[in-house]
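Working notes for the structure below.
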Amino acid sequence: MTDEARFPAEAAKGTDEARFPAEAAKGTDEARFPADAAARADLGTPRSNGSSGQVFGEDVRAKAKEIIARYPQSRSALLPLLHLVQSVEGHVSQAGIQFCAEQLDLGIAEVSAVVTFYTMYKRRPCGEHLVSVCTNTLCAALGGDDIYAALKEELGVGHEETAGEAGSPGSVTLEHAECLAACDLAPVLQVNYEFFDRQTPDSAVELVRALRRGERPNPTRGAPLTNFRTAELQLAGFFEGRDADVAGPSAAEETLRGAQLAAERGWTAPAMPDDAPLPPVPEKK
Amino acid sequence: MSEGANVTEQRHLTPVLTKRWLSPNSWTLATYEQLEGYTALRKALAAHPDQLIQLIKDSGLRGRGGAGFPAGMKWGFIPQNDSKPHYLVINADEGEPGTCKDVPLMMADPHSLIEGIVITAYAIRANYAAIYVRGEVIHCIRRLHAAVREAYRAGYLGRNILGSGFDLEVVVHAGAGAYICGEETALLDSLEGRRGQPRLKPPFPATAGLYAAPTVVNNVETIATVPYIVNGGSDWFRSMGTEKSPGPKIYSLSGHVEKPGQYEAPLGITLRELLDMAGGMKDGIPLKFWTPGGSSTPLFTADHLDVPLDFEGAAAEGSMLGTTALMIFNETVSVPWAVMKWTEFYKHESCGKCTPCREGTYWLEQILHRMLRGEGTPEDVETMLDVCDNILGRSFCALGDGATSPITSAIKYFRHEFLELCEKNSGGVPAPALAGAQG
């Protein structure tokens, strides 16, 4: 069933202005969200039609089309499109929201509602690198809280704040993260979503100092570091020129422990029969 | 048909899903094909789709994402001969605290998931499948994309797969950081490009899922198990595990153990047995509390070392098997502190759609912060239980229920620790002294 069929009233409403007349009347975003205004000021992108053209070139539009073509219904492309936006801007600006709205024929409010829901879409420009420290219970109990505290002090910033000029070489945005699905390797942190396992406050401080110097230490598991924007391009599903990344290490000692132990001790699952039959086609009731 | 629980001999690990992980370049198609890869697909495509649904029903395979719903039954709910497209959606949004099995599986052996996807899609007559994987695991996403590309090139995906006439498209879809999207209907809304908020059920996804069409949503480990069942048969599968919880399962041990990691064993194994294989408690410091399957499953203590870790065994002792994420904490860890940290998580991840969860998690966090600051009172314990009572069963989805699990179980087994915090009221002892866990 199409969206139109599910939400006929919505489809009939037409343009943004028609759908959200009150919003259109309120004037600029800057007036409504003064706190965000500073973050957007450098982009000079008011909410008028076509503003996204200043930021997003033809190559990005071509990629957007490619993303949309992956799905039976275009709106499904919104999450990857927002990753694509972050690959260009290092965050999701008002122009980025406008861009997605244009590509998918959605309202600004519909896209904004999605952007603000998800943690990975950053509302302020990110650093060259994003450092995410797991501070959920298990990692925290093994030192994750201490690691986060050490990095806050080292970088002189708090959650979702950036050391250095956002986007410039060596700039680092810090955040505390929820469980990163690597609990057997706790405590963990990520740089641009690549894993640095079994960290200590000292190793983490050493790591961000290297990042600030413009170095790119290799992750424990993952591909050689690039930057936040390149990572976001990959999250949008584009890997051109990065074929070697896939071979980056993925299995830690912990990952393989059970399989390794079984191999050492000669433990196996029961052998499969040579030709196990399938059940007959069940009779229709 | 079933041998039932095989309790007569010493139980050991049974690598099925994790066996291939030891092979060099295990994530490549070449390695996968050398190790029986895509043989189950050939067998499946030669069969009638309903035979496959019956096979999975016979095998007793239960969902590995936490709820343990019988997979074959779920597939059987998909209406056939309707005019709608059908969809298969893989829940790879692994985010339940403590859970770390699907990400290593997809990194080490993505083709086992893809083969399972093709077989499942064929069985439920779906021609489009999506792998919804959490965005923060970029290397995993990379491996999935590469494997899907390889599978297309080799003719395992796309049009007329292996000459069978069956078509299937698979898309790898990266999420954007929202635990709630692990809830299947929130996942579907997210996959439709919306805020990830759960839907009212019924209708269930089997009748109105993705784009309101019949949809099966299954966990990664569930679907990756399917090719083995096709090759080995349901009797083989049932030769592991128990009557009602058959098969092998990846148990993820983390925390204060000597050798944390992934251990694949028959369902029904105990923590005592797993701990023995994992070298025991770290530095010999005794066990205090643990979760059988993530933070949303009520805590267990050292008294539960011999509880069979299958769906029935965990439930009989007042918890749930969940995702078999065994987070293990020793005596140095303050229970109220651990519960406070988990509650911060649930509060942050509550989607805000329903009042009991949105407001409840907010106030639970406030109360726990107050207690950990040494400003709580004994009445706070009762207040928390009261709030939990108003969340459990009254929330829109299981996130709210899960948020109450650590609190109510912690108070059940460790009420004294909460009360001790209140005795220190006047002193204002800060939390870190209790948070400890430096062992």
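If you read the protein sequences in the order shown, they are chains A and B. Numbering follows the UniProt record's numbering, in which position 72 of the first sequence is assigned residue number 72; successive positions increment by one, without gaps. Numbering follows the UniProt record's numbering, in which position 274 of the second sequence is assigned residue number 274; successive positions increment by one, without gaps. Note that beta-carbon positions come from the ideal geometry of N, C-alpha and C, so glycine has one too. Just so you know, these numbers come straight off a predicted model, no measurement behind them.
- Item | Straight-line Cα distance separating B:E417 from B:Y122 | 54 Å
- For B:G313, count neighbouring Cβ atoms within 10 angstroms of its own Cβ and tell me buried if that reaches 16, exposed if not. buried
- Can A:A91 and A:V133 be called in contact, C-beta distance under 9 Å? Note that residue 91 of chain A corresponds to His in the displayed sequence, not to Ala. Going by C-beta atoms, A:H91 is not nearer than 9 Å to A:V133.
- Query: What do you get for B:A403, buried or exposed, if any count of 16 or more other CB atoms within 10 angstroms of its CB means buried?
  - Reply: Buried: at least 16 other Cβ atoms inside 10 Å.
- Where B:K412 meets chain A, residues with beta-carbon distance less than 7 Å: In chain order: nothing, as chain A lies at least about 18 Å away.
- Task: Determine the closest residue to A:V281 out of B:L55, B:V16, B:S26, with distance taken between C-alpha atoms.
- Result: Considering only B:L55, B:V16, B:S26, the residue with the shortest C-alpha distance to A:V281 is B:L55.
- Message: I want to see whether chain B comes within less than 9 Å of A:G96, judged by CB atoms only; does it?
- Response: no
- CB-CB under 6 Å to B:A325, same chain, minus the five flanking residues each way: which ones, in chain order? G98, T99, S252, G293, G294
- Hey, quick one: how far does the beta strand (DSSP E) through A:L79 stretch, first residue to last? Unbroken run through A:L79 is the alpha helix (DSSP H), 78-89; no beta strand (DSSP E).
- Message: Contact criterion: CB-CB distance below 9 Å. Does B:D102 meet it with respect to chain A?
- Response: Yes, because at least one Cβ of chain A sits closer than 9 Å to the Cβ of B:D102.
- Query: Mind checking B:F329: buried by the 16 CB within 10 Å criterion, or exposed?
  - Reply: B:F329 should be labelled buried.
- Roughly how many whole angstroms lie between the Cα atoms of A:R47 and A:S112? Confidence in A:R47 is poor, its pLDDT being 43 and thus under 50, which makes the residue's placement too unreliable to answer from.
- Are B:V339 and B:A410 touching if we call contact CB-CB under 9 Å? yes
- Item | Contacts that B:E94 makes with chain A (C-beta to C-beta distance below 8 Å) | A181
- Query: Checking contacts by CB at 9 Å: is B:C422 closer than that to chain A?
  - Reply: no
- Query: What is the rounded straight-line gap between the Cα of B:F345 and the Cα of B:G232?
  - Reply: 41 Å
- Test item: CB-CB of B:E331 and B:K282 under 9 Å: With contacts defined by Cβ atoms closer than 9 Å, B:E331 and B:K282 do not form a contacting pair.
- Same chain only: Cβ atoms within 8 Å of A:N192, ignoring 5 sequence neighbours per side: H129, L130, L225, T226, N227, F228, T230, A231
- Message: Quick check: is any heavy atom of the ligand ATP less than 8 Å from the C-beta of B:P308?
- Response: Ligands displayed in this structure: none; no statement on the ligand ATP is therefore possible.
- A:C134 (DSSP reduced to helix, strand or coil): Correct three-state label for A:C134: strand.
- Item | Residue interval of the alpha helix (DSSP H) (run including A:S227) | The sequence shown places Asn at residue 227 of chain A, not Ser. From DSSP, A:N227 is part of no alpha helix (DSSP H); its letter is neither H nor E.
- Of the residues B:W290, B:G135, B:A278, B:I180, the one placed nearest A:A262, counting alpha carbons only: B:A278
- Message: Distance cutoff 9 Å, beta carbons only. Does B:W342 sit that close to anything in chain A?
- Response: Closer than 9 Å to the CB of B:W342 there is at least one CB belonging to chain A.
- Can you grab the Cα-Cα spacing for the pair A:Q86 / B:E115, in whole Å? 33 Å
- Could you check how far apart the C-beta atoms of B:A130 and B:L191 are, in whole angstroms? I think they sit under 8 Å. 6 Å
- Message: Run through chain B and tell me which residues come within less than 8 Å of A:L261, C-beta to C-beta.
- Response: L13, Y263, M277
- Message: Less than 9 Å between CB atoms is the rule here; does A:R265 satisfy it with respect to chain B?
- Response: Residue-level contact by beta carbon holds for A:R265 and chain B, with a gap shorter than 9 Å.
- Item | Three-pair Cβ contact test at 8 Å for the region 218-229 of chain B versus the region 197-205 of chain B | The region 218-229 of chain B is not in contact with the region 197-205 of chain B.
- Task: Pull up the DSSP beta-bridge partners for B:V172, would you.
- Result: Listed as beta-bridge partners of B:V172 by DSSP are B:I131.
- Query: Cβ of A:V133 less than 9 Å from any chain B Cβ?
  - Reply: no
- Any contact of the region 184-204 of chain A with the region 143-150 of chain A, i.e. 3+ C-beta pairs under 8 Å? yes
- Item | Spatial neighbours of residue 296 of chain A in its chain, beta-carbon cut-off 6 Å, leaving aside the 5 residues before and after | Residue 296 of chain A is absent from the model: chain A starts at 1 and stops at 285.
- Message: Using the three-state DSSP reduction, which class does B:S254 fall into: helix, strand or coil?
- Response: strand
- Task: Please determine, among B:A315, B:Y132, B:D109, B:L321, the residue with the shortest C-alpha to C-alpha distance to A:G237.
- Result: B:Y132
- Query: Using a beta-carbon distance below 9 Å, is A:L189 in contact with chain B?
  - Reply: no
- Message: Within 9 Å of any Cβ in chain B, is that where the Cβ of A:R124 sits?
- Response: no
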